[in-house]
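Some notes on the structure that comes next.
Listed below in structure tokens is the structure:
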């Protein structure tokens, strides 16, 4: 049974590549980790995007966003199959699906990151028992567990920070992705009875995300945030023509 670790699917999430390198070194030096399974690492699924988003040791969120780049959905290697017909897929997607076809991994781990928040895992199929070691690892590393990730709103959750993608035909209330996730490269591993785990970690952590208590005034908070978003959008619209 093999493991395929994919990093760099989103250009603005550089933590994945560093994580993949650290994991590769651990696999190399710890025979018990690699016993009985093959490990394969794709260090950057979108090299062109990575060249456009530069994050040389960002000291703050402002530094992080100064050279921000993230391609639109149809140009993202993992998402493209859910948005484009097969004859228009980008070469990065074709390379990734060809790699999955060649390796037939039992587990594909896609490394992602968020700029601010906590850690969580999305699964294409449930992995029983994952919640406990995930919570232990997060606690040891002092990374908050995101109990209400917006990417997985309405999805089944067998434990804090663990979310299972809805099965075919399911239509959970509040599902976030308008695209069909079952056409993404995450589900390509299912052709070979594999499972994909999408692991999200923050560049900057916030303890607020692991608080499961209901917000005292969710409607009011949403109104405030909506007004702020509208004001920011209006500002961007005014200066857009002056940008290089």
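Residue numbers (this note's numbering): 9 to 252.
Virtual Cβ for every residue (Gly too), placed ideally from N, Cα, C.
Remember, it's a predicted structure, so these values are computed and weren't measured experimentally.
Residue 15 places its beta carbon less than 8 angstroms from that of residue 119. With fewer than 16 other Cβ atoms inside 10 Å of its own Cβ, residue 137 counts as exposed.
Cα atoms of residue 36 and residue 188: separation of roughly 37 angstroms, rounded to the nearest angstrom.
Excluding residues up to 5 positions away in sequence, 167 lie with their Cβ nearer than 8 angstroms to the Cβ of residue 140 in the same chain. The Cβ atoms of residue 23 and residue 209 sit closer than 8 angstroms to each other. Taken through DSSP and simplified to helix, strand or coil, residue 83 comes out as helix. Across the structure, residue 199 and residue 130 are spaced so that their CA atoms are roughly 19 angstroms apart. Residues 132, 189 and 204 of the same chain have their beta carbon placed closer than 8 angstroms to that of residue 195, with the five preceding and five following residues left out of the count.
For residue 125, the enclosing beta strand (DSSP E) covers residues 115-125.
If you draw a straight line from the Cα of residue 246 to the Cα of residue 74, it comes to about 19 angstroms.
Per DSSP, reduced to three states, the secondary structure at residue 142 is helical.
DSSP assignment within the region 149-233 yields the following whole beta strand (DSSP E) runs of 3 residues or more, N-terminal first: 170-172 and 203-213.
The Cβ atoms of residue 214 and residue 125 sit closer than 8 angstroms to each other. Proximity to residue 86 across 97, 77 and 25 peaks at 97, based on C-alpha coordinates. Straight across, the Cα-Cα distance linking residue 233 with residue 251 is about 25 angstroms. Per DSSP, the unbroken alpha helix (DSSP H) holding residue 73 starts and ends at 69-74.
For residue 48, the closest C-alpha among the options 111, 207 and 244 is that of 111.
Secondary structure of residue 251 (DSSP, three-state): coil. Here DSSP, grouped into helix, strand and coil, assigns residue 60 to helix. Distance from the CA atom of residue 70 to the CA atom of residue 42, rounded to whole angstroms, is 40 angstroms. Taking C-beta separations shorter than 6 angstroms and ignoring five residues to either side along the sequence, the partners of residue 19 in its chain run 54, 57, 58, 61, 77 and 78, following chain order. By DSSP's assignment, residue 49 forms a beta bridge with 13.
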